[in-house]
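Here the protein sequences come in this chain order: A and B. The first sequence lines up with residues 353 to 637 when you count with the numbering used here. The second sequence lines up with residues 353 to 637 when you count with the numbering used here.
Number of protein chains: 2
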Amino acid sequence: MADRAGFGDRLVEAVRASTPLCVGVDPSSALLGSWGLDDSADGVERMGRTVVEAVVGTAAAIKPQVAYFERHGTRGYAALEAVIAAAREAGILVVADAKRGDIDATMTAYGEAWLSDASPLAVDALTVSAYLGLAAMEQVMKMASGSGRGLFAVVASSNPEGRSLQEARTAAGQRVEEELLAELSARNEAEVAATGRGLGSFGAVVGATRTAGSLPLGGLHGPFLVPGVGAQGATANDVGALFSRCPEGSVLVNASRSILAAGPSAAEVARAARELGDELRSALP
Amino acid sequence: MADRAGFGDRLVEAVRASTPLCVGVDPSSALLGSWGLDDSADGVERMGRTVVEAVVGTAAAIKPQVAYFERHGTRGYAALEAVIAAAREAGILVVADAKRGDIDATMTAYGEAWLSDASPLAVDALTVSAYLGLAAMEQVMKMASGSGRGLFAVVASSNPEGRSLQEARTAAGQRVEEELLAELSARNEAEVAATGRGLGSFGAVVGATRTAGSLPLGGLHGPFLVPGVGAQGATANDVGALFSRCPEGSVLVNASRSILAAGPSAAEVARAARELGDELRSALP
Numbered sequence: 353m354a355d356r357a358g359f360g361d362r363l364v365e366a367v368r369a370s371t372p373l374c375v376g377v378d379p380s381s382a383l384l385g386s387w388g389l390d391d392s393a394d395g396v397e398r399m400g401r402t403v404v405e406a407v408v409g410t411a412a413a414i415k416p417q418v419a420y421f422e423r424h425g426t427r428g429y430a431a432l433e434a435v436i437a438a439a440r441e442a443g444i445l446v447v448a449d450a451k452r453g454d455i456d457a458t459m460t461a462y463g464e465a466w467l468s469d470a471s472p473l474a475v476d477a478l479t480v481s482a483y484l485g486l487a488a489m490e491q492v493m494k495m496a497s498g499s500g501r502g503l504f505a506v507v508a509s510s511n512p513e514g515r516s517l518q519e520a521r522t523a524a525g526q527r528v529e530e531e532l533l534a535e536l537s538a539r540n541e542a543e544v545a546a547t548g549r550g551l552g553s554f555g556a557v558v559g560a561t562r563t564a565g566s567l568p569l570g571g572l573h574g575p576f577l578v579p580g581v582g583a584q585g586a587t588a589n590d591v592g593a594l595f596s597r598c599p600e601g602s603v604l605v606n607a608s609r610s611i612l613a614a615g616p617s618a619a620e621v622a623r624a625a626r627e628l629g630d631e632l633r634s635a636l637p
Numbered sequence: 353m354a355d356r357a358g359f360g361d362r363l364v365e366a367v368r369a370s371t372p373l374c375v376g377v378d379p380s381s382a383l384l385g386s387w388g389l390d391d392s393a394d395g396v397e398r399m400g401r402t403v404v405e406a407v408v409g410t411a412a413a414i415k416p417q418v419a420y421f422e423r424h425g426t427r428g429y430a431a432l433e434a435v436i437a438a439a440r441e442a443g444i445l446v447v448a449d450a451k452r453g454d455i456d457a458t459m460t461a462y463g464e465a466w467l468s469d470a471s472p473l474a475v476d477a478l479t480v481s482a483y484l485g486l487a488a489m490e491q492v493m494k495m496a497s498g499s500g501r502g503l504f505a506v507v508a509s510s511n512p513e514g515r516s517l518q519e520a521r522t523a524a525g526q527r528v529e530e531e532l533l534a535e536l537s538a539r540n541e542a543e544v545a546a547t548g549r550g551l552g553s554f555g556a557v558v559g560a561t562r563t564a565g566s567l568p569l570g571g572l573h574g575p576f577l578v579p580g581v582g583a584q585g586a587t588a589n590d591v592g593a594l595f596s597r598c599p600e601g602s603v604l605v606n607a608s609r610s611i612l613a614a615g616p617s618a619a620e621v622a623r624a625a626r627e628l629g630d631e632l633r634s635a636l637p
């Protein structure tokens, strides 16, 4: 385990070998309908497998939005396990968008679910939400780093409803989003120093709809996951401006509806992914 | 649907008919071992069913911690569905502790998973986490209220790591926890006014380890879910002092390890639950 490559470095390599694109697998009722698929666990699995097949080599990662699998209960989780297994076989990274967040013992259980070799839900990275504090995730961070996996903590979300909380000032005078970014940065620096890895395992979710200059993004020493491109309004150039000071290959840009709308043809999904992927590669460091 | 009783009123009734106790179903590896059960989905289901059988009539609710089910992937979710079904049949309320939180479309998918009659995961209430803003949960709040179900948003957690974020000051000068409580309160007031219900459906998670007087808890017009009693250090009297101004039956106090440690005998779990339940009934309004 100790000499497994870290998630940050694995991501950089995947971006170099393809593009900075991450394709969101969001099998909503509406999208399933537009693909001619049933709103069922089978339909969800079918869409997920098609996306994997279509975007391997063009996107660095897929990001299943777990909520759309959970809509179908246990059978939805079976579909998620199948899509994760298909992605692993195809050699594309998987980021589970589950935004887990709880006290330490509970977080450790989530780590065992998503970041442990033995789990059928094991993925390359998991999104987490730190309302209960990033320090409650100490053990999960160790599990991630030790197994070559990563975390993406939501720092600055792409939706306007999150602004009030994320811009609130802590006792130290920093905004919540700044403090969280600084905590992630410190942990990445420590990991990089201890392991000799190039980039740390502890990523930040920062919406592409944020304004450049409002957060010191260049100092994270870890990966970014960036929602908000395409259907949510931001362009590849917006992302390029926002992350201009970040290391090459460290920024993973998620798009979902704008890619999936090209389906159900895998060839059309592939074309849409290639187009946006190339655009992002030109726009990003 | 429109004339189904609301979650707040259903909770008050359940507390009156039993006690303010909610028994946390946290089938950790350690607890399963101490019960002589396998650390497997079967072991998890067995523990959950035993808790339901033991505490019906004594506790108002059970609270499965979803992380401990998720550790077992799809089979763990099947165990969770079985425990939820057993609780429904036994007539005890179920609060799914999943702390879901995301942007609006995704939250709606979570609502469909946990708060919709058709879902195998349908429960009486779901815990949510508002790092992305409570306003992103508009649609889910409608789904909850309309189906007689509830939400519990984490306001002030029982762990110290959450303090910095939860006490950060928003632009309006309030602490994050105060602003969230005020938002929940406003929504409960609107719901109560529109429906004639006694108590609203939008609850707050407030740790029993918090200090009385630091939050205007008496004005929520909705239910509370209170972790931190027993193994986490707070007593029934601490809870009584903290919630002294809240309506009768509106406070649901969770205990897990201190009750489950009495197992694997259902009779011993029942005895531990009865003892703490009675103590809480005396201490609370």
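The C-beta atom is built at its ideal place from N, Cα and C for all residues, glycine as well.
- Residue pairing of THR522(A) in beta bridges, as defined by DSSP: absent, with no partner found.
- Per DSSP, the beta-bridge partners of LYS415(A) are GLY376(A).
- Going by DSSP, LEU503(B) is part of the beta strand (DSSP E) stretching over 502-508.
- A Cβ-Cβ contact shorter than 8 angstroms links GLY629(B) with LEU373(B).
- Among the CB atoms of chain B, none fall inside 8 angstroms of the CB of SER610(A).
- Note that the C-beta distance between LEU503(B) and SER537(B) is not below 8 angstroms.
- Ranked by Cα distance from ALA412(A), the first of ASP361(A), VAL528(A), SER468(A) and ALA450(A) is ASP361(A).
- Runs of the beta strand (DSSP E) lying entirely within the region 405-484 of chain A, each at least 3 residues long, are 413-416, 445-452 and 477-480 in chain order.
- GLY585(A) counts as exposed, since fewer than 16 other C-beta atoms from the protein chains shown sit within 10 angstroms of its C-beta.
- Relative to SER610(A), the option among SER602(A), ALA622(A), GLY601(A) and PRO599(A) whose CA is nearest is ALA622(A).
- Residues of the region 572-603 of chain B with a C-beta atom less than 7 angstroms from some C-beta of chain A do not occur.
- Every beta strand (DSSP E) of 3 residues or more that sits fully in the region 533-570 of chain B is shown, in chain order, as 554-558.
- Linking LEU612(A) to ARG401(A) through their CA atoms gives a straight-line distance of about 12 angstroms.
- Per the coordinates, the alpha-carbon of GLU365(A) lies some 10 angstroms from the alpha-carbon of THR371(A).
- Contact check for PRO637(B) against SER596(B) passes: the beta carbons are separated by less than 8 angstroms.
- Taking a C-beta cut-off of 7 angstroms against chain B, the contacting residues of the region 474-494 of chain A are SER481, ALA482, TYR483, LEU484, GLY485, ALA487 and ALA488, listed in chain order.
- Our two residues, ASP391(A) and ALA505(B), have alpha carbons roughly 29 angstroms apart in a direct line.
- Rounded to the nearest angstrom, the gap between the Cα atoms of GLU441(A) and CYS598(A) is 30 angstroms.
- Below the 7 angstroms Cβ cutoff, chain A contributes THR426, TYR429, ALA430, GLU433 and PRO472 as neighbours of THR426(B), in chain order.
- In the DSSP annotation of this structure, the continuous segment of the alpha helix (DSSP H) that includes LEU363(A) starts and ends at 359-369.
- Relative to GLU627(A), the option among ARG515(A), ALA357(A) and VAL375(A) whose CA is nearest is VAL375(A).
- Contact annotation: in the region 549-570 of chain B, no residue has its CB less than 8 angstroms from a CB in chain A.
- Between the region 519-530 of chain B and the region 510-519 of chain A, the count of Cβ pairs shorter than 8 angstroms is three or higher; the stretches touch.
- At least one C-beta of chain B is nearer than 8 angstroms to the C-beta of ALA419(A).
- Proximity of LYS451(B) to chain A, defined by a Cβ-Cβ separation below 8 angstroms, is satisfied.
- For ALA586(B), the pairing in a beta bridge is given by DSSP as VAL581(B).
- Assigned with DSSP and collapsed to three states, ARG623(A) falls in helix.
- For the 8 angstroms CB-CB criterion, PRO579(A) and GLY559(A) form a contact.
- In the DSSP assignment, LEU604(A) falls within the unbroken beta strand (DSSP E) covering 603-607.
- Of all residues in the region 506-527 of chain B, only VAL506, SER509, SER510, ASN511, PRO512, GLU513, GLY514, ARG515, SER516, LEU517, GLN518, GLU519, ALA520, ARG521, THR522, ALA523, ALA524, GLN526 and ARG527 place a beta-carbon less than 9 angstroms from a beta-carbon of chain A.
- Flagged as an interface residue toward chain B: GLU531(A), by a C-beta distance shorter than 8 angstroms.
- Taking 8 angstroms as the cut-off, the beta carbon of ASN540(A) is found closer than this to the beta carbon of GLY574(A).
- Within chain A, no residue has its CB atom less than 9 angstroms from the CB of ARG501(B), the nearest being about 16 angstroms off.
- By the rule that beta-carbons nearer than 8 angstroms mark a contact, ILE444(B) does not touch chain A.
- Under the Cβ criterion of 8 angstroms, ARG398(A) is not counted among the residues facing chain B.
- In this structure the region 413-425 of chain A lies against the region 436-456 of chain A, because at least three pairs of beta carbons, one per stretch, are closer than 8 angstroms.
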